[in-house]
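Start counting at 1 in the sequence shown, then tack on 37, and there's your number in our numbering. Structure first, then comments.
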Amino acid sequence: MGVVSYLSRPKEHCMAKNVEDFDANLAGEEGQSEEAKSSWFKRIKKGILTSTAEKKETPEGLWVKCPECNFICTVNDLREHLFTCPKCNHHHRIGSSEYFEILFDNPNFEVMFENILSKDFLQFTDLKSYQKRLEETWKKTDLTDSIRVAAGKVNDEPLVIGCMDFEFIGGSLGSVMGERISRAIDYCLRHRTPLLIICKSGGARMMESAFSLMQLAKVSGKLSQLTDAKIPYISLLTDPSFGGISASFGMLGDLNIAEPGALIGFAGPRVIKETIKKDLPEGFQRSEFLLDHGFLDFIVDRKNLKSKISTLLGLFRN
Ligand SMILES: [Zn+2]
Numbered sequence: 038m039g040v041v042s043y044l045s046r047p048k049e050h051c052m053a054k055n056v057e058d059f060d061a062n063l064a065g066e067e068g069q070s071e072e073a074k075s076s077w078f079k080r081i082k083k084g085i086l087t088s089t090a091e092k093k094e095t096p097e098g099l100w101v102k103c104p105e106c107n108f109i110c111t112v113n114d115l116r117e118h119l120f121t122c123p124k125c126n127h128h129h130r131i132g133s134s135e136y137f138e139i140l141f142d143n144p145n146f147e148v149m150f151e152n153i154l155s156k157d158f159l160q161f162t163d164l165k166s167y168q169k170r171l172e173e174t175w176k177k178t179d180l181t182d183s184i185r186v187a188a189g190k191v192n193d194e195p196l197v198i199g200c201m202d203f204e205f206i207g208g209s210l211g212s213v214m215g216e217r218i219s220r221a222i223d224y225c226l227r228h229r230t231p232l233l234i235i236c237k238s239g240g241a242r243m244m245e246s247a248f249s250l251m252q253l254a255k256v257s258g259k260l261s262q263l264t265d266a267k268i269p270y271i272s273l274l275t276d277p278s279f280g281g282i283s284a285s286f287g288m289l290g291d292l293n294i295a296e297p298g299a300l301i302g303f304a305g306p307r308v309i310k311e312t313i314k315k316d317l318p319e320g321f322q323r324s325e326f327l328l329d330h331g332f333l334d335f336i337v338d339r340k341n342l343k344s345k346i347s348t349l350l351g352l353f354r355n
């Protein structure tokens, strides 16, 4: 007992003194002159001079770090650069609403086939049931499936765009994506409008198993109807475009184009490396590598995307 009281008493005193000192330092009131107290930070003018109207709102969470060069900028800055890094031109991953905003002339484009929704016809369960996964994703993302289709004008050229959203179960190709593309093609045939598909997907949706795989044949077949009608189809591959997408309609465009630095392939590099037991060349599966090896027609910077697409559409039309 005696030992305890001997130890605890001085400690209390000591703590109390520390607290006092700390408070005094915070307030800058330790009997020092104004100069000495704040020599590390001197306010030149007193008070806050910015009027409320001039203050800029910077809500939390609006800063973005470039994964390539670590450059930090605000979302607004990034939006002005069409979601490419202002420093290194890294193309950030964006979704259908951003692509529609970038490409269509005004917000008067028409989003179609949103009423077609996925169904768990195989009663598939992995970590959770497919039905539950769908409901959670619908609630979380405001998207109805992994592709959105819209018709509008790009620099006055009519165009139907199908754009994938990676946010929705990895942009996976299921029966809904197949059906929406198929109906988009029917629309293109009826209105003689060209088609652009912006790919961003990990591949087929395993929860729909063979139904996913059938979409590859279905979409490829529908695309041949476009070819017969001499209506152009452009495939834009963005980061990442993998699996069934790149194995079918992703590479079936009259023009297959890509964004810079996009990863495009069938299987991932790790799987290939383990299969062939060889080191892969530098830049393997990047769009620049694919362009060199004849898989792509050209690479387009997102800042030139709209003008390039409309020029192409004009050339096709004439
Ligand atoms: Zn960067």
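Each residue gets a CB set at the ideal place from its N, CA and C atoms; glycine is no exception. Here the structure is a predicted model, which is why all the values come from computation and not from measurement.
Contact test: residue i Cβ vs ligand 1 heavy atom, cutoff 6 Å
i	result
residue 124	yes
residue 120	no
residue 24	Since the first residue of the chain shown is 38 and the last is 355, residue 24 is not available in this structure.
residue 127	yes
residue 203	no
residue 108	yes
Span of the beta strand (DSSP E), counted from its first residue to its last, around residue i
i	result
residue 109	109-111
residue 147	147-149
residue 308	Residue 308 -> not in any beta strand (DSSP E); alpha helix (DSSP H) instead, spanning 306-313.
residue 294	292-295
residue 101	100-102
Beta-carbon proximity list for residue i, same chain, < 8 Å, skipping 5 on both sides
i	result
residue 123	108, 110, 114, 115
residue 176	none
residue 99	111, 112, 113
residue 351	194
Neighbourhood of residue i by C-beta, 7 Å cutoff - its chain only, sequence neighbours within 5 removed
i	result
residue 353	231, 269
residue 322	300, 301, 302, 306
residue 135	120
residue 174	205, 206
residue 64	For residue 64, the predicted model reports a pLDDT of 48, less than 50, meaning its position is unreliable and no value from the coordinates is stated.
residue 320	326
residue 285	253, 256, 257
Residues of its chain near residue i, where Cβ-Cβ distance is below 6 Å and the 5 sequence neighbours each way are ignored
i	result
residue 213	153, 155, 182
residue 184	199, 201, 214, 217
residue 331	none
residue 337	294, 345
residue 237	201, 203, 208, 275
residue 281	210, 240, 241, 253
residue 312	none
residue 171	155
residue 133	185, 200, 202
residue 249	210, 211, 241, 242
residue 328	336
residue 273	235, 294
Start and end residues, alpha helix (DSSP H) containing residue i
i	result
residue 346	342-354
residue 328	324-329
residue 300	Here residue 300 belongs to no alpha helix (DSSP H), and DSSP marks it neither H nor E.
residue 138	133-140
- request: Starting from the N-terminal side, write out each stretch of the alpha helix (DSSP H) that is 4 residues or longer and does not extend beyond the segment 205-252.
  value: Runs of the alpha helix (DSSP H) inside the segment 205-252: 212-228.
task: Go through the segment 261-287 residue by residue and report every complete run of the alpha helix (DSSP H) that reaches 4 residues or more, in order.
output: 281-284
message: Measuring CB atoms only, is the segment 221-236 touching the segment 268-275, in the sense that at least three cross pairs come out at less than 8 Å?
response: yes
query: Are the segment 135-147 and the segment 339-350 touching, with three or more C-beta to C-beta distances below 8 Å?
result: yes
Within the segment 151-202, ranges of the alpha helix (DSSP H) (whole runs, at least 4 residues): 167-178
contact_flag[the segment 188-205, the segment 245-262] where n(CB pairs < 8 Å) is 3 or more: Touching, no.
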